[in-house]
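Just below is one structure, and these are the notes that go with it.
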Amino acid sequence: MSRTRSILIWIAILLAPGVALAAAAMSPLLAWRDPIYITGGFAGVAAMALLLLQPLLAGGYLPGLTVQHAKRVHRLVGGTLVGAVIVHVGALWITSPPDVIDALLFVSPTPFSAWGVVAMWAIFAAAIMAAYRNRLSLRPRNWRLGHTALVTIAVTGSVVHAWLIEGTMETLSKAVLCLFVVVATAKVVIGKRAWALRNRPR
Amino acid sequence: MTSLFPTRRTMLAMGGAAVAAGYSSLLVPTRAGNIAPTPSMRGGSNNYLPGAPVVERIGGGGFWMSGTVRRAGDGLPLARQRIQIWAHTTEGHERDPHSHGATLTDANGEFRLEMPQIVPAFGQPHGHLAYDSGEFETVFLRPVMGSSRDKSLSAHFVLKPV
């Protein structure tokens, strides 16, 4: 891979979440929100940014990182992602407990809540699969199928969740970040043939 | 039809017509008295605080919440009914007591309360309204604004006597 191409890939990958965070930080709505509510919203945006890095790290598609190094960073970012989701839900709970309880029980009037909650459980389950990989003693292909299926649910749920929400993210930068996350996930799942028997070295 | 004894075909046709007439009178009411009560909406009671005071307006105003209150069945407008209103606005979160207020309906069963601009919260720009005075069954509404730039929002109650 040429040096210019590597630099361009890194710029795109860092710019999409960077612009999304900056645009969210300039929202006029922030003036009317408590710090804890703002924290909850930004934890959600940060989680979406991490969701972009995860497939690229897992697939070893980030230029300049060795596969072994990328896998280690993938685990680290995965843990951070779980943390971001917990902060997101926790801070919203403090802001308005009944709204979050409705969401967790799937009785919320807002459809995006259900997508978010499904994505949350899928992220937790994918992380637990990773943390207990050795003890689960699954065949590598089955582990990969399970992890990929959960991640696909998480990405779909998160993108629909974010897209339907009005108030935290700026629309265009949200669309670009969501598109990047979907494309990156699809590229790695399809490009690495996640469903196939291992037919290439990692 | 000249025969005294109806054929099977006419019997079926007459029977069918009789059944259809019977059903249509049940399904298509012709008289007043069938106005259904408004059901509470999902999430309508979130961050409800009982006993909000009747106020001239909530905070600095600039946004109008309006609606009507009628009786289930005959649809009679209900005067002097207390409607409680709260929302996430430019002046506070839903849970803040100063975001809550109440108003009374006029002789036409209409209410209108000025409040601060509602802003999107928890993903949608929305308001909350409650009828909870006890004479009728309690109803919680959660109308959503068509656009967060709207300067007004309305919600309508049809109440069922307890």
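Those protein sequence lines, which keep their order, are chains A and B. The numbers in the working numbering rise by one with no breaks, and the one at position 185 of the first sequence is 185. The numbers in the working numbering rise by one with no breaks, and the one at position 120 of the second sequence is 322. From the three backbone atoms N, C-alpha and C, an ideal C-beta is built for every residue, glycine too.
State the Cα-Cα distance for the pair H330/B and F42/A, rounded to the nearest angstrom.
26 Å
Could you check where the beta strand (DSSP E) with R272/B kicks off and where it finishes?
265–273
Between R344/B and P252/B, what straight-line distance do the alpha-carbon atoms span, to the nearest angstrom?
16 Å
Please confirm whether S268/B and S354/B have their CB atoms less than 8 Å apart.
yes
Which of the three DSSP states is assigned to H161/A in this structure?
helix
For W178/A and W163/A, what's the separation of their Cα atoms in angstroms?
Note that residue 178/A is Cys in the sequence shown here, rather than Trp. If I take the Cα positions, the gap works out to 8 Å.
Do you know how far the Cα of T4/A is from the Cα of V100/A?
46 Å
Residues of the stretch 99–116 of chain A with a CB closer than 7 Å to any CB of chain B: list them in chain order, please.
D99, D102, V107, S108, P109, T110, F112
Are three or more beta carbon pairs between the stretch 150–162 of chain A and the stretch 18–32 of chain A nearer than 8 Å?
no
Checking the sheet assignment: what are the DSSP bridge partners for R259/B?
E316/B
Taking only beta-carbon positions, decide if M317/B is within less than 8 Å of chain A.
no
Residues of the stretch 321–346 of chain B in Cβ contact with chain A at a cutoff of 9 Å, in chain order, please.
V321, P322, A323, F324, G325, Q326, P327, H328, R344, V346
Once you ignore the five residues that flank V360/B on each side, which residues in its own chain have a CB closer than 7 Å to its CB?
I237, A238, P239, T240, R272, A274
So R135/A is in the alpha helix (DSSP H); what residue range does that whole segment cover?
133–136
Rounded C-alpha distance that separates V89/A from S113/A:
11 Å
Interface flag, W32/A vs chain B, CB-CB below 8 Å:
yes
So, using beta-carbon positions, are S350/B and P322/B closer together than 8 Å?
yes
With 8 Å set as the bound, which would you pick, yes or no: does the beta-carbon of L164/A sit closer than that to a beta-carbon of chain B?
yes
Between G167/A and chain B, is the shortest Cβ-Cβ distance under 8 Å, so that the two count as touching?
yes
Own chain partners of L53/A with C-beta closer than 6 Å, once the 5 adjacent residues on each side are dropped
V77
Interface positions of the stretch 21–52 of chain A facing chain B (Cβ-Cβ less than 7 Å), listed along the chain:
L29, W32, D34
Where S96/A meets chain B, residues with beta-carbon distance less than 9 Å:
N248, N249, H290, H295, E296, R297, A323, F324
Check whether the Cβ of S350/B lies closer than 8 Å to any Cβ atom in chain A.
yes
Can you check whether the C-beta of G303/B is within less than 8 Å of a C-beta belonging to chain A?
no
W195/A: buried (16+ other C-beta within 10 angstroms of its C-beta) or exposed?
exposed
Contacting residues, own chain, Cβ-Cβ under 6 Å from G60/A (five flanking each side not counted)
V67, A70
Candidates D276/B, G294/B, G235/B: which alpha carbon is nearest G262/B's?
G294/B
Roughly how many whole angstroms lie between the Cα atoms of P55/A and V19/A?
20 Å
Which complete alpha helix (DSSP H) runs does the stretch 109–134 of chain A hold, if anything under 4 residues is left out?
111–131
Beta strand (DSSP E) containing Q204/A: first to last residue?
Since the first and last residues shown for chain A are 1 and 202, residue 204/A lies out of range.
L81/A and L104/A closer than 8 Å at C-beta:
no
Assuming contact is defined by CB atoms lying nearer than 8 Å, are M120/A and W143/A in contact in what I supplied?
no
Thinking C-beta only, is V346/B closer than 8 Å to Q326/B?
yes
Beta strand (DSSP E) containing R284/B: first to last residue?
284–289
Cross-strand partners of V360/B (DSSP beta bridge):
R272/B
Report all residues from its chain with a CB closer than 7 Å to the CB of I9/A; omit the five preceding and five following residues, and keep chain order.
P63
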